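*Asks:* Protein chains in written order, with the numbering used here: chain U, 21 to 250; chain E, 21 to 250; chain B, 21 to 250.
Note that the Cβ used here is the ideal one computed from N, Cα and C, for glycine as well.
Just so we're clear, the structure is a prediction, and the values are computed from it rather than from any experiment.
(1) Would you say residue 138 (chain U) and residue 156 (chain U) are within 8 Å of each other, going by their C-beta atoms?
(2) Please classify residue 186 (chain E): is it buried, with 16 or more other beta-carbons within 10 angstroms of its beta-carbon, or exposed?
(3) Give the C-beta separation of residue 85 (chain E) and residue 205 (chain E) to the nearest angstrom, bearing in mind that I take them to be a contact with Cβ-Cβ under 8 Å.
(4) Going along chain C, which residues have a C-beta under 7 Å from residue 161 (chain E)?
(5) Report the rounded CA-to-CA distance for residue 203 (chain U) versus residue 116 (chain E), giving the unit in angstroms.
(6) Closest to residue 129 (chain B) by CA distance: which of B:118, B:92, B:51 is it?
(7) Run through chain U and tell me which residues come within less than 9 Å of residue 249 (chain B), C-beta to C-beta.
(8) What is the DSSP secondary structure of residue 154 (chain E), reduced to helix, strand or coil?
(9) Spatial neighbours of residue 168 (chain E) within its chain, please: CB distance less than 7 Å, with the 5 preceding and 5 following residues excluded, ordered by chain position.
(10) Nearest chain U C-beta to residue 169 (chain E) closer than 8 Å, yes or no?
(11) Exposed or buried, residue 239 (chain E), counting other C-beta atoms within 10 Å across all chains shown (16 or more means buried)?
(12) So, is the C-beta of residue 121 (chain E) closer than 8 Å to a C-beta in chain U?
(13) Measuring CA to CA, which of E:75, E:49, E:66, E:214 is closest to residue 158 (chain E)?
(14) Tell me whether residue 182 (chain U) is buried or exposed, calling it buried when 16 or more other Cβ atoms sit within 10 Å of its Cβ.
(15) Compare the C-alpha of residue 121 (chain B) against each of B:99, B:113, B:217, B:208 and name the closest.
(16) What does residue 95 (chain E) pair with, by DSSP beta-bridge criteria?
(17) For chain U, find out if any of its Cβ atoms is closer than 8 Å to the Cβ of residue 89 (chain E); answer yes or no.
(18) Smallest Cα separation from residue 81 (chain B): which of B:94, B:142, B:246, B:250?
(19) If we count Cβ pairs, one from each stretch, closer than 8 Å, do we get three or more for the stretch 230-246 of chain U versus the stretch 61-71 of chain U?
(20) Say whether chain B places a C-beta atom closer than 8 Å to the C-beta of residue 128 (chain U).
(21) Report the option in U:173, U:200, U:188, U:73 whose CA atom is closest to the CA atom of residue 97 (chain U).
(22) Spatial neighbours of residue 177 (chain E) within its chain, please: C-beta separation below 6 Å, excluding the five flanking residues on both sides.
(23) Measuring straight from C-alpha to C-alpha, what distance separates residue 108 (chain U) and residue 175 (chain B)?
(24) Considering only residues of the same chain and omitting the five flanking positions on each side of residue 219 (chain B), which have a CB-CB separation below 7 Å?
(25) If you draw a straight line from the alpha carbon of residue 224 (chain U) to that of residue 152 (chain U), how long is it in whole angstroms?
(26) List, from N- to C-terminal side, the alpha helix (DSSP H) runs of 4 residues or more that fit wholly inside the stretch 176-236 of chain U.
(27) Verify the CB distance criterion: does residue 56 (chain B) have a CB-CB separation below 8 Å to chain U?
(28) Taking Cβ to Cβ, would you say residue 55 (chain B) is nearer than 8 Å to residue 245 (chain B)?
(29) Indicate whether at least one CB of chain U lies closer than 8 Å to the CB of residue 94 (chain B).
(30) Excluding five sequence neighbours on each side, which residues of the same chain lie with their C-beta closer than 7 Å to the C-beta of residue 190 (chain E)?
(31) Does the beta carbon of residue 109 (chain U) come closer than 8 Å to any beta carbon on chain B?
(32) Does residue 235 (chain U) get closer than 8 Å to chain E when you measure Cβ to Cβ?
(33) Anyone know if the C-beta pair for residue 87 (chain E) and residue 179 (chain E) falls short of 8 Å?
(34) For the beta strand (DSSP E) containing residue 49 (chain E), list its first residue and its last residue.
(35) Establish whether the CB of residue 14 (chain E) and some CB of chain U are separated by less than 8 Å.
(36) Please go through the same chain and pick out, in chain order, the residues whose beta-carbon is closer than 7 Å to the beta-carbon of residue 166 (chain E), but skip the five residues on each side of it.
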């Protein structure tokens, strides 16, 4: 918003390879991704600002879905390299939330997603091996997960589908249906207080891997990009 | 309230063709419609300020009912032209909420209505085709519905009954039982922040299709018009 | 925090008998104990500042666990002398919370623990015999429990396991799994207002039996000591 206000910046949004300008806004605006239907071909690629070569991370998003009451998995975030699911975040069929980095996952019992926006963050640190979710600013218990592990560079991040091979082999029964916005990622762990501040609308620190205000999005298939006033 | 205070306006309320004056109030007052019993003949017609010739709208109301836990449909708002249900809002028998414009509807999973007042808003925009509900200030996911469609002029808006033909053929098992107040409508989409402000009591922007403070109501059958202090 | 800020104190943290220094922090830091897995060998001994020779007490902690949805007991605090469970705090299998001092317990119906932190305090006074829990600053009803009783000196306090004999005979099905922090104990009863203030982050009065900011911890087995920013 600071950038937008101070510089009258024309944020460039890449959709289907076409660049679209948003007029410099008096009021803060935010893009939101609407995934209207279950299918196996619609997804949005997020172009990172720097390599996902990470010994720690914080991943945040605002997410709303009516799928949660169902009995199927929902992919929330997928970072896939050629041979590995490097960093996937799931809502499991049994209602738990899972983090998977190249193999077995770690699971959390959190409140159900619903048609209203939930602010969801996930943190992990290689040194301590501690992983935790934050739901609307409140942290879950920490769980030990893959201390010493590193997230590898060289893949692609997508929302909406789970690639079983490199950006292919999608399964409609794992697809995301609903709305996702404000996806930000850092290559370090934010404090509980910082995440609570983000939840209530503070916009710093800006993500150094993904910063939703300036992020380049590549949309594939039936995904609607809405610009909403904040 | 601004009008009331500044001008000491005697708001005119038309009931059964008889005009009734409310004394200019020191405190803000608001009319509320009580539908005491299930039947097929009681309803309130809302007289619009301008034609319902709309490529977008926001419809808000405060509604309370104990029917919601039952297993039947509840009509919440009906705008009927001679041959079409131009814009109907329903609580479906399965608990979902539906918007219908001249044909198939779009459905949302929202919290159940209950004996306490729920502030309910519904927005739709022809350009994007995005429809969404707001429940007590919180927006649901957006759903794609009839992009390019227009709501047609020339019908009547009623609360309490669903007309299967032009203001006839009511079904008591679809009637509304409970209390409705603060019905406002705009021919554009209000922002999330504006709707949250309305929820907590802000009274601007005033509805340009229906403005509850000055709206003309035509009551038919067993509907009680209460004036309550705010 | 006051101490830390004013004196640049190097708090000493004893883990596995090794002393580890935390650099004097600009921001307040707090240690948190993560018990990652159910087992019968992991626990943390809390070294008291003075003898647990008490005719009254207040015991507070912040606790998060995903075990609560299960059907087993969870030990929350155990003070064991050679022959007696002097002061144990439990989440019972039936969901109630129990206080046990050398014999039969007293039980309370409180909200379930969950993956988010709950601030839990327990008070008891020998003179009146009144015992009560405080959950996130709100006090339960008071219950009569062992008026005239005294807590005896000469035992050890541990978190994570229930010793059926003096620091032995642990049962994995009673162990704690999750996260505990901010454990403080006083040999008197704090007022409701003081406990509410502690809940929202006030740090006085400091515990005179256990003061979490300076407490010496002796860790056994698989327990992770995290230092978090407040």
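*Replies:* Judging by the given coordinates:
(1) Taking the first residue of the first chain as 1, we reach residue 138 (chain U) at position 118. Taking the first residue of the first chain as 1, we reach residue 156 (chain U) at position 136. Residue 138 (chain U) is a Cβ neighbour of residue 156 (chain U), given a cutoff of 8 Å.
(2) On the second chain, residue 186 (chain E) is found 166 positions in, with the first residue counted as 1. Exposed, because fewer than 16 other Cβ atoms sit within 10 Å of the Cβ of residue 186 (chain E).
(3) To locate residue 85 (chain E), count along the second chain from 1; it is residue 65. To locate residue 205 (chain E), count along the second chain from 1; it is residue 185. Not quite, the Cβ-Cβ distance comes to about 20 Å (not below 8 Å), so this is no contact.
(4) Among the chains of the structure shown, chain C does not appear; the protein chains present are U, E and B.
(5) As a working note, residue 203 (chain U) is residue 183 in the first chain. As a working note, residue 116 (chain E) is residue 96 in the second chain. Their Cα atoms are separated by approximately 29 Å.
(6) Stepping through the third chain from its first residue, residue 129 (chain B) is reached at position 109. Minimum Cα distance to residue 129 (chain B) is reached at B:118.
(7) By 1-based counting over the third chain, the position of residue 249 (chain B) is 229. Per Cβ cutoff of 9 Å: 211, 212, 213, 214.
(8) Counted from its first residue, the second chain places residue 154 (chain E) at position 134. Residue 154 (chain E) falls in the strand class under three-state DSSP.
(9) Locating residue 168 (chain E) in the second chain gives position 148, where the first residue counts as 1. 146.
(10) Here residue 169 (chain E) refers to the residue found at position 149 of the second chain. The beta carbon of residue 169 (chain E) sits no closer than 8 Å to any beta carbon of chain U.
(11) In the second chain, the residue the question calls residue 239 (chain E) occupies position 219. Residue 239 (chain E) should be labelled buried.
(12) Along the second chain, read from residue 1 onward, the residue named residue 121 (chain E) stands at position 101. No, because no Cβ of chain U sits closer than 8 Å to the Cβ of residue 121 (chain E).
(13) Counted from its first residue, the second chain places residue 158 (chain E) at position 138. The option with the nearest alpha carbon to residue 158 (chain E) is E:214.
(14) The sequence position of residue 182 (chain U) within the first chain is 162, counting from 1. Its Cβ being crowded by 16 or more others within 10 Å, residue 182 (chain U) is buried.
(15) Stepping through the third chain from its first residue, residue 121 (chain B) is reached at position 101. Out of B:99, B:113, B:217, B:208, B:99 has the C-alpha closest to the C-alpha of residue 121 (chain B).
(16) Here residue 95 (chain E) refers to the residue found at position 75 when the second chain is read from its first residue. According to DSSP, which records beta bridges pairwise, residue 95 (chain E) is partnered with E:110.
(17) Position 69 of the second chain holds residue 89 (chain E). So no, residue 89 (chain E) is outside the interface.
(18) Counting from one through the third chain, the residue named residue 81 (chain B) turns up at place 61. Between residue 81 (chain B) and the set B:94, B:142, B:246, B:250, the nearest pair of CA atoms involves B:142.
(19) The answer is yes - the stretch 61-71 of chain U touches the stretch 230-246 of chain U, with three or more Cβ pairs under 8 Å.
(20) Indexing the first chain from 1 puts residue 128 (chain U) at position 108. So yes, residue 128 (chain U) belongs to the interface.
(21) Residue numbering aside, residue 97 (chain U) sits at position 77 when the first chain is read from its first letter. The residue among U:173, U:200, U:188, U:73 with its C-alpha nearest the C-alpha of residue 97 (chain U) is U:200.
(22) As a working mapping, residue 177 (chain E) is identified with position 157 in the second chain. Here residue 177 (chain E) has 66, 99 as same chain residues with Cβ atoms under 6 Å from its own Cβ, once five neighbours each way along the sequence are excluded.
(23) Indexing the first chain from 1 puts residue 108 (chain U) at position 88. Indexing the third chain from 1 puts residue 175 (chain B) at position 155. Going by the C-alpha atoms only, they are around 47 Å apart.
(24) For the purposes of this step, residue 219 (chain B) is identified with residue 199 of the third chain, where counting begins at 1. Its chain contains 139, 156, 157 as the residues whose beta carbon lies nearer than 7 Å to that of residue 219 (chain B), once the 5 sequence neighbours on both sides are disregarded; these appear in chain order.
(25) Against the first chain, residue 224 (chain U) aligns to sequence position 204. Against the first chain, residue 152 (chain U) aligns to sequence position 132. Those two C-alpha atoms are separated by around 20 Å.
(26) The alpha helix (DSSP H) runs lying completely inside the stretch 176-236 of chain U and spanning 4 residues or more are 212-219, given in chain order.
(27) The residue given as residue 56 (chain B) occupies position 36 in the third chain. Chain U contact via Cβ: present.
(28) Numbered from 1 along the third chain, position 35 holds the residue referred to as residue 55 (chain B). Numbered from 1 along the third chain, position 225 holds the residue referred to as residue 245 (chain B). Result no, Cβ atoms of residue 55 (chain B) and residue 245 (chain B) do not sit closer than 8 Å.
(29) Start at 1 with the first residue of the third chain, and residue 94 (chain B) comes out as number 74. With 8 Å as the cut-off, residue 94 (chain B) does not count as an interface residue toward chain U.
(30) To locate residue 190 (chain E), count along the second chain from 1; it is residue 170. 60, 61, 181, 182, 183.
(31) Stepping through the first chain from its first residue, residue 109 (chain U) is reached at position 89. Interface criterion not met: the Cβ of residue 109 (chain U) is under 8 Å from no Cβ in chain B.
(32) Translated into positions along the first chain, residue 235 (chain U) becomes position 215. It does not: the Cβ of residue 235 (chain U) has no partner Cβ on chain E nearer than 8 Å.
(33) As a first step, residue 87 (chain E) is located in the second chain; it is residue number 67 there, counting from the start. As a first step, residue 179 (chain E) is located in the second chain; it is residue number 159 there, counting from the start. Residue 179 (chain E) sits away from residue 87 (chain E), with the two beta carbons spaced by 8 Å or more.
(34) The count along the second chain starts at 1 and reaches residue 49 (chain E) at position 29. Run containing residue 49 (chain E): 49-55, per the beta strand (DSSP E) assignment.
(35) In the structure displayed, chain E extends from 21 to 250; residue 14 (chain E) sits before or after that span and is not available.
(36) On the second chain, position 146 is the one that residue 166 (chain E) refers to. Taking residue 166 (chain E) as the centre and dropping the five residues before and after it, the same chain places the C-beta of 121, 149 closer than 7 Å to its C-beta, in chain order.
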